[in-house]
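Asks:
Numbering (our numbering), first residue to last: 814 to 1061.
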């Protein structure tokens, strides 16, 4: 007697479903990007119309400089608007990264991918211009992250924002990887990440799901905190995988 079980529908037709969902997601992200781009295009259009009225006898260089400045002003306007539009869209749709263990090809897997696609849109379009500014904090708060006061975030590599909590006066260093999910044998596994107050996370450290870091702790540059690692208050951790430094 065969013990083989039929494949779940979502897995059996994974490729065509994924293709259709990707196309639909492109349309959704294009609309969000288009809404966010409109104010920036308006700024550039105003500069363009202004320079078009300049006397023909003027050198072309001032007009080129003005158009270039208008282009960058338009882009930076787009940057701020995209972070706001994406965050508000997430609030309106109640999108979140689900908590727990679930197959790639499942309703929760689709929910995870759709939510994080919004973060990726901002990440790849413009988030580097918001690093170490209050705007990146506002964006991740809108995406569901709990962030304390005077937090500095100097990385673009963040996902699953709604599963992450950061306390007051904490610094997330340059190019830190801060994620609340891992891929394990066909499943996605998510876990909450809690970083306390007055914590320093060094350059290019990696923080995985389920990690908890106590108040006043220091995570050295390039350290790797494996899933479910618990760092005590005031401890200093370093290495791959990270371990507490002796004598601290």
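Where a beta carbon is used, it is the ideal one built from N, C-alpha and C, also for glycine. Note that this is a predicted model, so its numbers are computed, not measured.
Out of 984, 1040, 999, 1016, which one is the CA nearest neighbour of residue 917?
Replies: On the chain shown, position 104 is the one that residue 917 refers to. The option with the nearest alpha carbon to residue 917 is 999.
Asks: Given this structure, state the Cα-to-Cα distance separating residue 837 from residue 923, to the nearest angstrom.
Replies: Taking the first residue of the chain shown as 1, we reach residue 837 at position 24. Taking the first residue of the chain shown as 1, we reach residue 923 at position 110. So the alpha carbons of these two residues sit roughly 12 Å apart.
Asks: Just curious, the beta strand (DSSP E) that residue 1051 is in, first and last residue?
Replies: Here residue 1051 refers to the residue found at position 238 of the chain shown. It spans 1049-1051 - the beta strand (DSSP E) in which residue 1051 sits, taken as one unbroken run.
Asks: Short of 8 Å in beta carbon distance, which residues of its chain neighbour residue 912, apart from the five on each side in sequence? Order them along the chain.
Replies: Here residue 912 is taken as the residue at index 99 of the chain shown, counted from 1. The answer, listed in chain order, is 976, 1003, 1004, 1005.
Asks: How long is the line joining the alpha carbons of residue 945 and residue 870, rounded to whole angstroms?
Replies: On the chain shown, position 132 is the one that residue 945 refers to. On the chain shown, position 57 is the one that residue 870 refers to. Cα-Cα distance, rounded: 44 Å.
Asks: Pull up the CB-CB distance for residue 1020 and residue 991, whole angstroms please, since I reckon it's below 8 Å.
Replies: For the purposes of this step, residue 1020 is taken as the residue at position 207 of the chain shown. For the purposes of this step, residue 991 is taken as the residue at position 178 of the chain shown. Indeed they touch by this definition, with Cβ atoms about 5 Å apart.
Asks: Answer yes if the segment 1009-1025 comes into contact with the segment 969-989, meaning at least three C-beta pairs across the two stretches below 8 Å, and no otherwise.
Replies: Judged by Cβ distances under 8 Å, the segment 969-989 makes contact with the segment 1009-1025, as three or more pairs qualify.
Asks: Please tell me whether residue 867 and residue 859 are closer than 8 Å, where the distance is taken between their beta carbons.
Replies: Start at 1 with the first residue of the chain shown, and residue 867 comes out as number 54. Start at 1 with the first residue of the chain shown, and residue 859 comes out as number 46. Cβ distance not < 8 Å, so residue 867 and residue 859 don't count as in contact.
Asks: I believe residue 964 touches residue 989 by the beta-carbon criterion, under 8 Å. Please report the beta-carbon distance rounded to the nearest angstrom.
Replies: Within the chain shown, residue 964 is the residue found at index 151, counting from 1. Within the chain shown, residue 989 is the residue found at index 176, counting from 1. With a Cβ gap of about 13 Å, residue 964 and residue 989 do not count as contacting.
Asks: For the candidate residues 1033, 878, 1025, 1040, whose alpha-carbon lies nearest to that of residue 995?
Replies: Along the chain shown, one-based indexing puts residue 995 at 182. The option with the nearest alpha carbon to residue 995 is 1040.
Asks: Let's see if you can read the secondary structure: which residues bound the alpha helix (DSSP H) around residue 892?
Replies: As a first step, residue 892 is located in the chain shown; it is residue number 79 there, counting from the start. It spans 873-906 - the alpha helix (DSSP H) in which residue 892 sits, taken as one unbroken run.
Asks: In the DSSP assignment, find the beta strand (DSSP E) that holds residue 1003 and state where it starts and stops.
Replies: Residue mapping note: residue 1003 aligns to position 190 of the chain shown, counting from 1. Segment 1000-1003, the beta strand (DSSP E) holding residue 1003.
Asks: Quick check: the Cα distance between residue 1045 and residue 931, rounded to an integer number of angstroms?
Replies: Within the chain shown, numbered from 1, the residue matching residue 1045 stands at position 232. Within the chain shown, numbered from 1, the residue matching residue 931 stands at position 118. Taking the straight line from one Cα to the other gives about 33 Å.
Asks: Just curious, the beta strand (DSSP E) that residue 913 is in, first and last residue?
Replies: The residue given as residue 913 occupies position 100 in the chain shown. 913-916 is the extent of the beta strand (DSSP E) around residue 913.
Asks: Considering only their Cβ atoms, is the gap separating residue 920 from residue 849 smaller than 8 Å?
Replies: Here residue 849 is taken as the residue at index 36 of the chain shown, counted from 1. Here residue 920 is taken as the residue at index 107 of the chain shown, counted from 1. Going by C-beta atoms, residue 849 is not nearer than 8 Å to residue 920.
Asks: Going by alpha carbons, who is nearest to residue 938 out of 905, 915, 888, 824?
Replies: For this step, residue 938 is matched to residue 125 along the chain shown. The candidate whose alpha carbon is nearest that of residue 938 is 888.
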